[in-house]
Amino acid sequence: MTDSARRDPASAAARHDQAGSAHRDPQELLSRAALTVFRLNGQFLARSEELARPAGLTAAWWQVLGAVLREPLPVAGIARAMGITRQSVQRVADLLVREGLAEYVPNPAHRRAKLLRPTAGGRAAVAKIEPGHAELAGWLSTMLGEAELAATVRSLERLSEVLDALSAPDPEAVAEPVTEP
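Take 1 as the starting number for the sequence shown in the working numbering and just add one per residue.
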């Protein structure tokens, strides 16, 4: 966020509203959405690196560990959830195992595709990130408001779901169109 937006969030919001109503052409909106998501990805990665560094992690290590905190997953499952290649996740998973932050365990559903799970050290590293993560989440919630933050998340999830449908055998059967009032 720019210094001026930090000092005057209302005027930043007004600029956002004006920009949002200026263009309704679907192709222009798609381009703006893509460029915004690319920029947002860079911003999230930069913040993630800052948050992860004191815990001895990188953003990529934190992402992969975060994906398996609730339950062990195969590398391919982590890749699907994150929307990246299996090879990228495999490389990070192998580094996490080598560093003692994760381990491979047998997968009862598949003999060859082992499950990745965090070790106590991996869980401890992620726990060190939690205070900074909570502070950032609180700041975003204050700046946007809880309702707008939740609506933003829903919109991003819906956009991802609709784009996933492009890979389906019949994309229109999977993605339900939205009609505007």
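Note that the Cβ used here is the ideal one computed from N, Cα and C, for glycine as well.
Secondary structure at Pro-118: strand, using DSSP grouped into helix, strand and coil. The region 62-70 makes contact with the region 95-105, as at least three CB pairs between them are under 8 Å. When only Cα atoms are considered, Ala-109 and Pro-74 end up about 10 Å apart.
A direct Cα-to-Cα measurement between Arg-86 and Arg-117 gives close to 16 Å. In the same chain as Gly-121, and ignoring 5 residues on each side of it, the C-beta atoms closer than 7 Å to its own belong to Gly-100 and Leu-101, in chain order. Here the alpha carbons of Ala-52 and Asp-164 stand approximately 29 Å from one another. Residue pairing by DSSP places Glu-103 opposite Arg-117 in a beta bridge.
When Pro-72, Gly-83, Arg-39 and Ala-33 are compared, the shortest CA-CA separation from Ala-60 is found for Gly-83. DSSP places Leu-69 in the coil class of the three-state scheme, outside both helix and strand.
In the displayed model, Arg-24 falls within coil according to three-state DSSP, outside both helix and strand.
Taking C-beta atoms as the reference points, Val-89 and Ala-79 count as a pair closer than 7 Å.
Ser-31 sits exposed, since fewer than 16 C-beta atoms from the chains shown fall within 10 Å of its C-beta. By the neighbour-count criterion, in which a residue is buried when 16 or more other Cβ atoms sit within 10 angstroms of its Cβ, Ser-48 is buried. DSSP, reduced to helix, strand and coil, places Pro-108 outside both helices and strands of the structure shown, so it counts as coil. A residue is called buried when at least 16 other Cβ atoms come within 10 angstroms of its Cβ; Gly-77 meets this threshold and is buried. With a 10 Å radius around the Cβ and a threshold of 16 neighbouring Cβ atoms, Ala-55 comes out buried.
Residue environment: Ala-125 is assigned as buried (16 or more neighbouring CB atoms within 10 Å of its CB, all protein chains considered). Between Gln-27 and Ala-33, the alpha-carbon positions lie close to 10 Å from each other.
Closest by C-alpha distance to Glu-157, out of Ala-46, Arg-111, Val-37 and Arg-24, is Val-37.
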